[in-house]
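I have placed the structure first, in the form of structure tokens, so that the comments after it can refer back to it.
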Amino acid sequence: MLSDFTKEEMADLIDRARAFLQMEFDLTAGRFEVEALIAFFAEEVGVRAYNKGLADAQAVLMAKVDDINDAIYQLERQPKS
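In this text, residue positions in the sequence shown follow this note's numbering: the first is 14, and each later residue adds one.
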């Protein structure tokens, strides 16, 4: 998952995470430690967020399919009795 980021994006992410740790927790962490932390969260949180996104997209798609089915049903003609 981290391989999807360019070197520049990863460097920016590491810098931002290091700044966050320093500001919020007064914790100084090296680039190696922060990269490992990012990899951990990318795997643990990223997979769940990705799967949630897929489920959300599927729900939207199913709602649209239901709307289309309803519209098609309304177009049906009934034979004269």
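C-beta atoms are modelled at their ideal positions from N, C-alpha and C, and glycine is treated no differently.
In the assembly as shown, Ile27 is a buried residue. Its beta-carbon has 16 or more other beta-carbons within 10 Å. Around the beta carbon of Arg90, fewer than 16 other beta carbons lie within 10 angstroms, which makes this residue exposed.
Straight through space, the alpha carbons of Pro92 and Lys65 are spaced by roughly 45 angstroms. A residue is called buried once 16 or more other Cβ atoms fall within 10 Å of its Cβ, and Ile81, having fewer, is exposed.
Residues of the same chain with a CB within less than 8 angstroms of the CB of Glu22, apart from the 5 flanking positions on each side, do not exist. Shown here for Ala52: same chain residues with a beta carbon closer than 7 angstroms to its own, the five before and five after excluded, namely Leu15 in chain order.
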